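Colleague: Counting with our numbering, you get residues 5 to 320 for the letters of the sequence shown.
Every residue gets a Cβ at the ideal spot worked out from N, C-alpha and C, and that includes glycine.
In this text, all values refer to a predicted model and were calculated from it rather than measured experimentally.
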Amino acid sequence: MVKPVIVIHVGAGALTRSAMSAEKEQAYREALKAIVASSQQILSQSGSALDAVTEAVRLLEECPLFNAGHGSVFTHDETHELDASIMDGRTRDAGAISCVSHIRNPVLAARAVMEQSQHVMFTAAFARKQGLGMVEPDFFSTDARREQLHHAQAGEGRVVLDHDGRRDVAQGDPIDPERKYGTVGAVALDSAGNLAAATSTGGMTNKQAGRVGDSPIVGAGCYANKNTVAVSCTGTGEVFIRCVAAYDVSALMDYAGLTLEQAGERVVMEKLLPLDGSGGLIAVDKAGNIALPFNSEGMYRGYGYVGQAPWVGIYR
Ligand code: GLY
5 MVKPVIVIHV GAGALTRSAM SAEKEQAYRE ALKAIVASSQ QILSQSGSAL DAVTEAVRLL
65 EECPLFNAGH GSVFTHDETH ELDASIMDGR TRDAGAISCV SHIRNPVLAA RAVMEQSQHV
125 MFTAAFARKQ GLGMVEPDFF STDARREQLH HAQAGEGRVV LDHDGRRDVA QGDPIDPERK
185 YGTVGAVALD SAGNLAAATS TGGMTNKQAG RVGDSPIVGA GCYANKNTVA VSCTGTGEVF
245 IRCVAAYDVS ALMDYAGLTL EQAGERVVME KLLPLDGSGG LIAVDKAGNI ALPFNSEGMY
305 RGYGYVGQAP WVGIYR
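1. Nearer than 7 angstroms: is that true of the beta carbon of residue 240 relative to any heavy atom of ligand 1?
2. For residue 150, does the count of other Cβ atoms within 10 angstroms reach 16, so buried, or fall short, so exposed?
3. Could you give the C-beta distance for residue 35 and residue 198, rounded to a whole number, given that I count them as a contact under 8 angstroms?
4. Any chance the region 126 to 137 sits against the region 67 to 77, with 3 or more Cβ pairs inside 8 angstroms?
5. Where residue 277 and residue 295 are concerned, what is the direct C-alpha to C-alpha distance, given to the nearest angstrom?
6. Got a sec? Which residues, its chain only, sit under 6 angstroms from residue 41 by beta carbon, not counting five neighbours each side?
7. Assign residue 279 to one of two classes, buried (16 or more other C-beta atoms within 10 Å of its C-beta) or exposed (fewer than that).
8. Skipping 5 residues on each side, what residues in its chain have a beta carbon closer than 8 angstroms to that of residue 121?
9. Under three-state DSSP, which class holds residue 221?
10. Using the rule of at least 16 other Cβ atoms within 10 Å of the residue's Cβ for burial, across every protein chain shown, is residue 175 buried or exposed?
11. Measure the Cβ-Cβ separation of residue 9 and residue 192 and say whether it is below 8 angstroms.
12. Under a Cβ-count criterion, where at least 16 other Cβ atoms within 10 Å of its own Cβ denotes burial, should residue 83 be classed as buried or exposed?
13. Take the Cβ of residue 28 as the centre, count every other Cβ of all protein chains shown within 10 Å, and call the residue buried at 16 or more, exposed below.
14. For residue 50, which residues from the same chain have a beta carbon less than 6 angstroms from its beta carbon, with the 5 sequence-adjacent residues on both sides left out?
15. Just checking my contact of residue 230 with residue 94 at CB under 8 angstroms: how many whole Å lie between their CB atoms?
16. Taking the CB atoms as reference points, tell me whether residue 85 and residue 207 lie closer together than 8 angstroms.
17. Quick check: residue 72 and residue 205, are their CB atoms within less than 8 angstroms of each other?
18. Once you ignore the five residues that flank residue 169 on each side, which residues in its own chain have a CB closer than 8 angstroms to its CB?
19. Alpha carbon to alpha carbon, what distance is there between residue 271 and residue 300?
20. How many Å lie between residue 61 and residue 210 at the Cα?
21. Alpha carbons only, please: which of 91, 134, 202 and 70 is nearest the one belonging to residue 146?
22. Straight-line CA distance for residue 116 to residue 298?
23. Quick check: is any heavy atom of ligand 1 less than 7 angstroms from the C-beta of residue 218?
24. For residue 308, which residues of its own chain have a beta-carbon under 6 angstroms away from its beta-carbon, when the five flanking residues on both sides are left out?
25. From the DSSP secondary-structure annotation, give me the bridge partner or partners of residue 107.
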């Protein structure tokens, strides 16, 4: 008996109760809950896992609180470059889009790449021909993200300690990795037993123009295979790429016979962490088991099995 379920995340980092206002926490929790509920609705009407993750990520992109779509972080040049990917575990078809700055919903572009092209990954040129919603880049901007950029740039070149006491000079933001990174994603299992995953991001605050993280890279920030698991990642993209993190969860289950929980913990705690990879992932396996491991202080996350109330969490 399949238990359809949707799981979402909106980033991970140094999230402490004391640093979060009650209003902000409430806004995050309400947004997460509403988006889980909308996606549960799709699954409860026998919608596909692919449609559920597409809609969940589209809604997350529309919400200015999250670093994807409207509300994306700025590059060093005060521009926006958005990345997204999607994978259908039923067929292992995949689509991805990288460094786009005019597509309102990058996840829809990634899905169009998957369904309407012979290829897996495109930059901006593809979307213009697909009739996708286009916007001016300042559509993605918010005052909060501009402030984060200026904060990061003010610290540039300084040697600082991050929240775990490690030296960090690369981007100069001394306080909160969550303010540098942040990604949204969704994984789902549908009533037909199919799995899907989608991931979308504005990337990393103050990133060099042209920098690409893990989110649009199939196998790094997103992966789905109906025989094993669907995975979406959030965190320091460079390390998730080097660890091929999302695929590694599937491979550990497939080749080493690990359970989902064991595979997720192995990747997040034993593979990413030793390389200073901060963050986490969400995953659902073909039996409907879910895992939401993270090695940072918190991860914004939520899930809902069909017929049950949505659950959301931020801290450990
Ligand atoms: N994990 C998102 C990024 O590094 O761009």
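Modeller: Walking through what the data contain:
1. yes
2. exposed
3. Residue 35 to residue 198, Cβ: 27 angstroms. No contact.
4. no
5. 17 angstroms
6. Around residue 41, the same chain offers 314 as residues with beta carbons nearer than 6 angstroms, after the five sequence neighbours per side are excluded.
7. Around the beta carbon of residue 279, a 10 Å sphere encloses fewer than 16 other beta carbons of the protein chains shown; the residue is thus reported as exposed.
8. The answer, listed in chain order, is 99 and 130.
9. coil
10. Any answer about residue 175 is weak, because its pLDDT of 40 lies below 50 and its placement is not dependable; what the coordinates show is given next. Result: buried.
11. yes
12. exposed
13. exposed
14. 195
15. That pair is a contact at about 5 angstroms.
16. yes
17. Yes. Within cutoff.
18. Legend: pLDDT at residue 169 = 42, less than 50; position of this residue unreliable, no value from coordinates given.
19. 14 angstroms
20. 23 angstroms
21. 70
22. 31 angstroms
23. Correct: residue 218 has its Cβ closer than 7 angstroms to ligand 1.
24. 10, 40, 44 and 314
25. 138
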